[in-house]
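Residue numbers (the numbering used here): 71 to 632.
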């Protein structure tokens, strides 16, 4: 039903624009005897062409603002549900009128050349349009939008343009361009379906919270929100020129994860105070296997501190079209669900707020949607980092577009288009989430025989060790040589040959993250330490070991205190 209404609205808008733009050229073409000068001077034609281009650009820009920030009803509509007061509409109430006047004068110049008769006719057409705006459209807008439009009339002029407007009312060309990409390419390609669009508030500010499944999340639901959204993203994602262009086009700003980023926190609070819409992903990163990540307590406290309504959004199918471990995108269907607004009075209790957000943005059970891909297993060896049959690490290899194999026990799996895996040795199939769970359940029961370049301390057990390509921190960069990284039940160790360079106790590590370009990082005392792993090593393996060892470390530490 929504798709049909959307299609009819697009057709109605298209027909309205064509009629409005073509009525004057058609009239002049049909009635050439009305034209005083059938062969206008080249200067008049050139000036007229410039006016036409300027008018078309302005009218299209005005209509795009209505499509994006309004209810999408441009023509043949007597009822408007959303007021557009940003961009050109923050400078003058009827920007389309001004650009249409320029456009129709350009048409007359091209057809008839410059004369007082042409100028008089142009002014007459503009006057007729002006009377219609004042007598019909302004009264309709006042009746349907009520006090909000009356206040808008007081703040925004009709007869002239405001030069200076508030920063939160400006709309950049890049932002509009990225929105067009989302609407014209991303939405139809992934057949994005939207639900609960009536839950989007008519007033701002508010905060959007969503589950984070893939890179494209801001584009998948941001195109349906009739406001400029400022996305809070990790600083690491601003690594390439393309990502910087696209993300800044969506209003994103970076936040560092390995320290308390006071600058970004102040930026977010300032935007909220200015009346803007901010989106934050409370998991702090994209899901690894499709299951939700824990909501960060610091993020939850920040959301509560802002004291504005919260709009929860649930994405279903976004993980499948571009999993975190996959270098290539896959074609599938995505559903965007806008959940009921969480009002300010329901945010006082932090635990209840966390439970409510989880209930809205996470599914009770992840059901993988089928996708179209000839190489669905590409990159899957970086997800399934161990064989649950023989417990061998780094043993899974991709043998074809739909099959995997353990190079130690020779077990083979066929991978379906919904990411389920099946082997002839077992009945039924299992998901990647179930595979990872099997590995995690007994990971410490199968220790590795490791040769370490340093002596272990009392009761210390080493679990992982690998050569690394580079170590980076705020104070130093070390690469080459015989650098290696080790993880034990007590610490993380960086060594070079037989020399121990750095050692960080698990008690002092505040965060462990999987980074881009096959690297992992730890945060210690507000300082980030990054380790670039060799191509064949797997960041998820390190993250899983660290999480399990940290839980064991905290448990043992609590028992010793008691």
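All residues carry an ideal CB built from backbone N, CA and C; glycine is no exception.
Per DSSP, cross-strand counterpart(s) of residue i
i           : result
residue 598 : 593
residue 489 : According to DSSP, which records beta bridges pairwise, residue 489 is partnered with nothing at all.
residue 475 : 467 and 482
residue 564 : 555 and 572
residue 386 : 405
residue 381 : 278
residue 349 : 278 and 301
residue 265 : 407
residue 536 : 555
residue 324 : 303
residue 582 : 592
8 Å Cβ cutoff met for residue i and residue j
i           : j           : result
residue 553 : residue 541 : yes
residue 531 : residue 517 : yes
residue 347 : residue 300 : yes
residue 390 : residue 438 : yes
residue 334 : residue 325 : yes
residue 381 : residue 276 : yes
residue 594 : residue 579 : yes
residue 406 : residue 350 : no
residue 280 : residue 385 : yes
residue 576 : residue 623 : yes
residue 395 : residue 355 : no
residue 183 : residue 119 : no
residue 194 : residue 169 : no
residue 239 : residue 180 : no
residue 633 : residue 423 : Residue 633 lies beyond the residue range present for the chain, which begins at 71 and ends at 632; the question has no answer from this structure.
residue 28  : residue 290 : Lying before the first or after the last residue shown, residue 28 is absent from the chain, which here runs from 71 to 632.
Beta-carbon separation (whole angstroms), residue i vs residue j, contact threshold 8 Å
i           : j           : result
residue 345 : residue 503 : Between residue 503 and residue 345 the Cβ distance is about 40 Å, and since that is not below 8 Å, they are no contact.
residue 138 : residue 288 : Contact doesn't hold; Cβ gap of about 15 Å is too wide.
residue 34  : residue 412 : The shown model of the chain, from 71 to 632, leaves out residue 34, and the question about it has no answer.
residue 272 : residue 152 : 7 Å
residue 364 : residue 432 : About 11 Å separates the two Cβ atoms, so there is no contact after all.
residue 597 : residue 574 : With a Cβ gap of about 10 Å, residue 597 and residue 574 do not count as contacting.
residue 212 : residue 219 : 5 Å
Beta-carbon contacts of residue i that lie in its chain and below 8 Å, excluding the five residues immediately before and after
i           : result
residue 457 : 465, 466, 476, 478, 479 and 481
residue 377 : 414 and 417
Alpha carbon of residue i to alpha carbon of residue j, nearest angstrom
i           : j           : result
residue 353 : residue 115 : 59 Å
residue 520 : residue 535 : 7 Å
residue 191 : residue 174 : 10 Å
residue 286 : residue 253 : 13 Å
residue 559 : residue 490 : 33 Å
residue 134 : residue 230 : 21 Å
residue 232 : residue 160 : 8 Å
residue 492 : residue 244 : 46 Å
residue 167 : residue 112 : 27 Å
residue 393 : residue 162 : 45 Å
residue 374 : residue 420 : 8 Å
residue 451 : residue 484 : 13 Å
residue 197 : residue 204 : 10 Å
residue 185 : residue 222 : 38 Å
residue 488 : residue 474 : 15 Å
residue 569 : residue 549 : 15 Å
residue 444 : residue 150 : 46 Å
residue 526 : residue 495 : 40 Å
residue 216 : residue 428 : 36 Å
residue 267 : residue 366 : 27 Å
residue 617 : residue 127 : 54 Å
Cut-off 7 Å between Cβ atoms - residues of its own chain near residue i, not counting five sequence neighbours on either side
i           : result
residue 461 : 516
residue 154 : 135, 136, 139 and 140
residue 603 : 536, 538, 588, 589, 590 and 609
Close Cβ partners of residue i (< 6 Å) along its chain, the five nearest in sequence each way excluded
i           : result
residue 435 : none
residue 455 : 608, 610 and 611
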